[in-house]
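Take this note's numbering: the final residue in the sequence shown is number 1529, and no numbers are missing along the way.
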Amino acid sequence: MRRTPIIPVIIGTGFGSGFWPWGPGTAGALLATLIWIGLSYLIVTPYLTCITALLIATFTVLGIWATSKLMPFWGDDPNRVVIDEMVGVWIPLLVSPAGDLYYAIGSFLLFRFFDILKPLGIRRIDNCRGAFYVMADDIVAGIYSLVIISIARWVI
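This is the structure in structure tokens:
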């Protein structure tokens, strides 16, 4: 009997947040939002945007890799894999001002709205198989959230 590889488990479960029994996706997105909020108090907005973009790119690649390693053990799109939710919620945070809790909360809520309801083609992506598609539906949900946050910033 093969053991689940530990590094993909750590990455895929969002440092263990995916083991939360009541809404692991929400736990992963919340952890990512809290990481961003913590960084936002340490780093000014232009640098925070660059670091957030780097987190998105790095964890997208790591997420695809980790998910592909975990799928033989946990099946297609396992609910414990929440790195996709972490990447997805960081996307609207790209345009959020550093230290602004209202935009952070708005980004989190909008992302979870699109991630849970899966409107506007997200469900079609979610129905595709493979590690890339596990990440892709949340990336699209994040992009939709980014558009709304950007419009809100422009209006406000």
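Glycine is no exception: its CB is placed at the ideal position from the N, C-alpha and C atoms.
Given residue i, which residues of its chain have a CB within under 7 Å of its CB, disregarding the five upstream and five downstream residues?
i	result
V1355	With the chain running from 1374 to 1529 in the structure shown, residue 1355 is simply not present.
G1503	none
W1393	A1400
Report the CB separation of residue i from residue j in whole angstroms; it is logged as a contact under 8 Å.
i	j	result
V1460	I1512	6 Å
S1480	V1462	6 Å
S1390	P1397	7 Å
T1440	V1507	5 Å
L1404	F1388	7 Å
How would you label residue i, buried or exposed, when you count the other beta carbons within 10 angstroms and need 16 or more for buried?
i	result
F1484	buried
I1529	exposed
V1434	exposed
P1470	exposed
F1487	buried
I1379	exposed
L1493	exposed
Residues in its own chain within less than 6 Å of residue i by CB, not counting five upstream and five downstream?
i	result
I1410	A1477
W1438	none
Keeping to the same chain, check which residues put their C-beta closer than 8 Å to that of residue i; ignore five residues upstream and five downstream.
i	result
I1424	L1412 and I1416
I1498	Y1506, A1509, D1510 and V1513
Report the rounded CA-to-CA distance for residue i versus residue j, giving the unit in angstroms.
i	j	result
Y1517	R1376	38 Å
L1490	R1496	8 Å
I1538	A1426	Outside the shown range of the chain, which is 1374 to 1529, sits residue 1538, and nothing can be said about it.
T1422	L1474	16 Å
L1482	W1447	28 Å
M1444	R1453	11 Å
K1442	C1501	17 Å
G1515	D1450	18 Å
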